[in-house]
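Chains as they are written, first to last, in this note's numbering: chain S, 16 to 147; chain H, 16 to 147.
Protein chains: 2
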Amino acid sequence: MFTTKGRYALRVMIDLAQHTENEYIPLKDIATRQDISKKYLEIIAKELVKGGMIEGASGKHGGYKLVRTPDEYSVGEIIELMEGTIAPVACLEANAKECSRAGKCNTLNMWKEFYELERDFFFGKKLSDLCS
Amino acid sequence: MFTTKGRYALRVMIDLAQHTENEYIPLKDIATRQDISKKYLEIIAKELVKGGMIEGASGKHGGYKLVRTPDEYSVGEIIELMEGTIAPVACLEANAKECSRAGKCNTLNMWKEFYELERDFFFGKKLSDLCS
DNA sequence: ATAAAACCTATTGACGTAATAGGTAAATAG
DNA sequence: CTATTTACCTATTACGTCAATAGGTTTTAT
C-alpha cells in the first residue's frame with residue numbers, strides 16, 4: 016500500500032499544475048481544495064522542496080510552485096521521493112545488502128520482474144497525464 | 016512492500032511443491048531448509064490451511080501437503096490470502112466505501128490501471144512457474 | 001506595523017508487523 | 001500403553017512506522 020504521504024504529494028503536485036494563475040500557491044488554498052490538513056501538507060511540501068520538486072516563497076503572496084513543466088515530472092519520481100522506495104521486497108532496495116539466499120531463491124526473479132513492471136508504469140506516467 | 020508473511024508463505028508453498036517424496040512434510044523440515052523460525056511458520060501454515068491452500072495432518076509422519084497440483088495455484092491468490100489485499104490504495108480494496116472525491120479524483124484512474132497490471136501479473140503467474 | 005505565508009522542531013496516538021512463548025490434542029511406532 | 005512426533009491453539013510483546021497535531025520563528029509584501 017502506498018502511504019498517504021505519497022498519494023497526497025501527488026495531489027499537491029497536480030493541484031500546483033492546475034493552478035498557475037498566481038506565481039505561488041499557498042498551502043491554505045491547496046488544503047481547502049484537496050481537503051487535507053494544512054499542517055500535514057507542510058510536512059509534505061517540505062519534502063517536495065528538499066527533493067527539488069517544488070520551490071517555496073515565504074511572506075505575503077508566498078506559497079509553492081513547480082520548478083518544471085508538468086510533462087517533465089514522472090509520477091514515479093514523485094512517489095519514490097515520498098515513499099523512499101517502491102521496491103516490492105527489501106532485497107531489491109537500492110542499497111540492500113546481497114541476500115545470502117539470492118543464488119537459490121525461487122522468488123527473487125519474480126520480484127525483479129514485478130519491480131521492473133512497476134517502474135515502467137510509474138516512471139512512464141507523467142504528471143501532465145493526471146491533469147486532464 | 017509485501018510482508019514477510021506473504022513472502023514466506025510463497026516459499027512454503029514452493030517448498031511443498033518441491034518435496035513430495037513423503038505425503039506430509041513437517042514444518043521442522045521447511046523451517047530448516049528455508050531458514051525461517053518454525054514457530055512463525057506455524058502461523059503462516061495455519062492461515063494457508065484456513066484459506067484452503069494446504070492440508071495438515073497431526074502426529075508422527077504428519078505435516079502439510081498441497082491440495083492441488085502446483086500449476087493450479089496462482090501466485091496472486093497465495094499472496095492475496097496472506098496480505099488481505101494487494102490493492103495499491105485503500106480506495107480500491109474489495110469492500111471499501113466509495114470515496115467522496117472519487118468523481119473528481121485525478122489519480123483514481125491511475126491506481127486502477129496499476130491495480131489491474133498488478134493482478135494480471137500475479138494471478139497469471141503460477142506456483143509451478145517458481146519451482147524450476 | 002501588520003498580516004500572510006513558509007519554515008522549523010518536537011511530540012504523540014494508533015496500528016501493524018514479526019515474531020516469541022507455552023501450552024493441548026492427535027496420531028503413530030515400539 | 002507409553003513415548004515421541006507432529007499439528008493446533010491462545011496470548012503476548014517489542015518495535016517501528018504512519019498520520020497527524022502542536023506551537024512556535026522567520027520572511028516578505030503591503
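Beta carbons: idealized from backbone N, C-alpha and C, even for Gly.
Residues that residue i contacts on chain H, provided the C-beta gap is smaller than 7 Å
i: Phe138 (chain S); result: Those do not exist, as Phe138 (chain S) stays about 12 Å from chain H at its closest Cβ, beyond 7 Å.
i: Met68 (chain S); result: Per Cβ cutoff of 7 Å: no residues; Met68 (chain S) is ~16 Å from chain H at best.
Residue nearest to residue i in terms of C-alpha spacing, selected from the options
i: Arg116 (chain H); options: S:Ile51, S:Asn37 and S:Gly21; result: S:Ile51
i: Ala102 (chain S); options: S:Asn121, S:Lys80, S:Met125 and S:Lys141; result: S:Met125
i: Tyr88 (chain H); options: H:Met16, H:His76, H:Phe137 and H:Lys61; result: H:Phe137
i: Leu107 (chain H); options: H:Pro85, H:Glu133 and H:Val82; result: H:Glu133
i: Pro41 (chain S); options: S:Leu25, S:Ala60, S:Met97 and S:Glu92; result: S:Ala60
i: Gly78 (chain S); options: S:Glu92, S:Ser147, S:Asp44 and S:Glu62; result: S:Asp44
i: Ala46 (chain S); options: S:Ala24, S:Cys146, S:Cys120 and S:Asp144; result: S:Ala24
i: Thr19 (chain S); options: S:His76, S:Gly67, S:Ile94 and S:Lys65; result: S:Ile94
i: Leu31 (chain H); options: H:Lys80, H:Phe17 and H:Asn121; result: H:Lys80
i: Val82 (chain S); options: S:Thr35, S:Cys146, S:Ser147 and S:Tyr130; result: S:Thr35
i: Gly139 (chain H); options: S:Glu57, S:Glu98, S:Glu128 and S:Tyr55; result: S:Glu128
i: Asn121 (chain H); options: S:Met16, S:Arg22 and S:Phe17; result: S:Arg22
i: Tyr39 (chain H); options: H:Arg26, H:Ile58 and H:Ile69; result: H:Ile69
i: Cys146 (chain S); options: S:Met16, S:Val27 and S:Cys114; result: S:Val27
i: Met97 (chain S); options: S:Lys65, S:Ala105, S:Pro85 and S:Arg48; result: S:Lys65
Under 9 Å from the C-beta of residue i: neighbouring residues of chain H
i: Leu56 (chain S); result: The premise fails here: Leu56 (chain S) is roughly 16 Å from chain H at the closest Cβ pair, so nothing lies under 9 Å.
Per DSSP, the bridge partner or partners of residue i
i: Ile51 (chain H); result: Looking at the DSSP assignment, Ile51 (chain H) forms no beta bridge with any residue, so it has no partner.
i: Leu81 (chain H); result: H:Ile69
i: Ser89 (chain S); result: S:Lys141
i: Ile40 (chain H); result: H:Tyr79
Neighbour list for residue i in chain H, Cβ cutoff strictly below 8 Å
i: Arg177 (chain S); result: Any answer about residue 177 (chain S) is impossible in this case: the structure gives chain S only from 16 up to 147.
i: Met97 (chain S); result: Per Cβ cutoff of 8 Å: no residues; Met97 (chain S) is ~13 Å from chain H at best.
Chain-ordered neighbours of residue i on chain S, where CB pairs are closer than 7 Å
i: Leu145 (chain H); result: Asn121, Thr122 and Met125
Output needed in chain order: residues of the region 113–143 of chain S with a Cβ under 9 Å from some Cβ in chain H. Cβ proximity to chain H below 9 Å picks out Ser115, Arg116, Cys120, Asn121, Thr122, Asn124, Met125, Trp126, Glu128, Phe129, Leu132, Glu133, Phe136, Phe137 and Lys140 from the region 113–143 of chain S.
At a CB distance below 7 Å, what residues from the region 25–44 of chain S approach chain H? Give them in sequence order. Within the region 25–44 of chain S, the residues whose Cβ lies closer than 7 Å to any Cβ of chain H are, in chain order, Leu25, Arg26 and Ile29.
Could you name each continuous alpha helix (DSSP H) segment of 4 residues or more that falls completely within the region 90–128 of chain S, going from the start of the chain to the end? You should have 90–98.
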